[in-house]
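Participant: I'd like to ask some things about the structure below.
Numbering (the numbering used here), first residue to last: 388 to 692.
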């Protein structure tokens, strides 16, 4: 259905340009992103000194460096790094990456909090996560409309500021927090994320020159993947290093076999909560940095039609 709806409803005028496709750049981009994403994804599971992780990161980073060199020497690059010299475009990309670095940790860590610390069933834990995407879906269209009227710079900064505060509030959750404590914090973060995403994406795409919208969209997608990968790696590293992962597993096993004393359970819950809280404080600091990059990008040039 999605394919036929896209084919039927989306009409566009294609400005065909001479030149050949850049196969080497495409291969280097794919290898670079795959290697870095694989390394960051498996770093927690296999260990950061694992040969697979080190090899993946080494190959990925080398491929991205080679991509940067190659794309400056071809006539029709698959990634036009000249776009990054545009202040609004560059800052919007950095803000995008920082936002996903900070906010994707919510979807990554919160299921562990719900299932291991609160012992919620998987279905109930999944339902408790839905306020976040529902809020984004409801507010994002309004945010996009506001961006068209008042501009994107301050709206994006305000949205990410709200999410930053939401991450601080989320870091206050513990074993005694109620279901409503979780829900209203997720709604708060979702509202900020929705206010940020639409204006920031609009600024990013709008600052790209005519004929390079596809390249700009590629930057947007790449920034999203990079931000999400780093978020999982960073939040997971903090959570694991402070003992949260071990404490969570111990709580699950202890409940299953009824082997935990009240004192031991309380100690494990405190360790888990401390790890969880620290990870989100770090994420809030990253979001605050994203607010600054949103503010310093300057005013976008509005295109008249």
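For each residue, glycine too, the CB sits at the ideal point set by N, CA and C.
Please look up how many angstroms separate the CB atoms of residue 615 and residue 487, rounded, as I've assumed it's under 8 Å.
Facilitator: Indeed they touch by this definition, with Cβ atoms about 5 Å apart.
Participant: What residue range is occupied by the uninterrupted alpha helix (DSSP H) comprising residue 566?
Facilitator: Unbroken alpha helix (DSSP H) run through residue 566: 566-594.
Participant: How big is the Cα-Cα spacing for residue 637 and residue 654?
Facilitator: For residue 637 and residue 654, the distance between alpha carbons rounds to 11 Å.
Participant: Distance check for residue 589 and residue 556, CA to CA, integer angstroms please.
Facilitator: About 28 Å.
Participant: Taking the beta carbon of residue 458 as the centre, do at least 16 other beta carbons fall within 10 Å, making it buried, or is it exposed?
Facilitator: Burial call: buried.
Participant: Got a sec, what are the start and stop residues for the alpha helix (DSSP H) residue 375 sits in?
Facilitator: Since the first residue of the chain shown is 388 and the last is 692, residue 375 is not available in this structure.
Participant: Using the rule of at least 16 other Cβ atoms within 10 Å of the residue's Cβ for burial, across every protein chain shown, is residue 501 buried or exposed?
Facilitator: Residue 501 is buried by the Cβ-count criterion.
Participant: In its own chain, which residues sit with a C-beta less than 7 Å from the C-beta of residue 583, not counting the 5 before and 5 after it?
Facilitator: Result list for residue 583: 486, 543, 546, 547 and 550, in chain order.
Participant: How many angstroms separate the CA atom of residue 450 from the CA atom of residue 596?
Facilitator: Looking at the two C-alpha atoms, the distance is approximately 27 Å.
Participant: Against chain D, with Cβ distances strictly below 7 Å, would residue 478 count as a contact?
Facilitator: The displayed structure is made up of one protein chain only, and chain D is not part of it.
Participant: Going by Cα to Cα distance, which pick from 456, 433 and 564 is closest to residue 623?
Facilitator: The residue with the shortest Cα to Cα distance from residue 623 is 433.
Participant: Would you mind stating whether residue 530 and residue 585 have Cβ atoms separated by less than 7 Å?
Facilitator: Yes. Within cutoff.
Participant: Could you compute how far the alpha carbon of residue 426 sits from the alpha carbon of residue 536?
Facilitator: Cα to Cα, residue 426 sits roughly 42 Å from residue 536.
Participant: Taking only three categories from DSSP, how would you classify residue 599?
Facilitator: DSSP places residue 599 in coil when its eight states are reduced to three.
Participant: Just tell me which of 599, 666 and 609 has its CA closest to the CA of residue 463.
Facilitator: The shortest C-alpha separation from residue 463 is found at 599.
Participant: Short of 7 Å in beta carbon distance, which residues of its chain neighbour residue 665, apart from the five on each side in sequence? Order them along the chain.
Facilitator: Closer than 7 Å at Cβ, skipping near neighbours: 625 and 629.
Participant: Mapping the DSSP letters down to three states, classify residue 522 as helix, strand or coil.
Facilitator: Of the three classes helix, strand and coil, the one that applies to residue 522 here is helix, per DSSP.
Participant: Report all residues from its chain with a CB closer than 6 Å to the CB of residue 503; omit the five preceding and five following residues, and keep chain order.
Facilitator: So the qualifying residues of the chain are 635, 638 and 639.
Participant: Check residue 536 in the structure and name its three-state DSSP category.
Facilitator: Helix, per DSSP.
Participant: From which residue to which residue does the alpha helix (DSSP H) around residue 480 run?
Facilitator: Looking at the DSSP string, the run of the alpha helix (DSSP H) that includes residue 480 is 474-499.
Participant: So, at 6 Å on beta carbons, what are the nonlocal neighbours of residue 446 in its own chain, with the 5 sequence-adjacent residues on each side left out?
Facilitator: Correct list, in chain order: 422.
Participant: Is residue 463 helix, strand or coil by DSSP?
Facilitator: Note: residue 463 maps to coil in three-state DSSP.
Participant: Between which two residues does the alpha helix (DSSP H) holding residue 631 run?
Facilitator: First-last of the alpha helix (DSSP H) with residue 631: 631-644.
Participant: Sorted by chain position, which residues of the same chain lie with C-beta nearer than 7 Å to residue 692's C-beta, five sequence neighbours on each side aside?
Facilitator: The predicted model places residue 692 with a pLDDT of 41, which falls under 50 and marks its position as unreliable, so this point remains unresolved.
Participant: Check whether the Cβ atoms of residue 620 and residue 489 lie closer than 7 Å to each other.
Facilitator: Cβ atoms of residue 620 and residue 489: not closer than 7 Å.
Participant: Excluding the five sequence neighbours on either side, which residues of its own chain have a C-beta within less than 8 Å of the C-beta of residue 511, listed in chain order?
Facilitator: Closer than 8 Å at Cβ, skipping near neighbours: 501.
Participant: Look up residue 508 in the DSSP assignment and say whether it is helix, strand or coil.
Facilitator: If DSSP states are grouped into helix, strand and coil, residue 508 belongs with coil.
Participant: Nearest-angstrom Cα distance between residue 419 and residue 466?
Facilitator: Whole-angstrom Cα-Cα distance: 13 Å.
Participant: Would you mind sorting residue 452 into buried or exposed? The rule is 16 or more other CB atoms within 10 Å of its CB.
Facilitator: Exposed is the call here.
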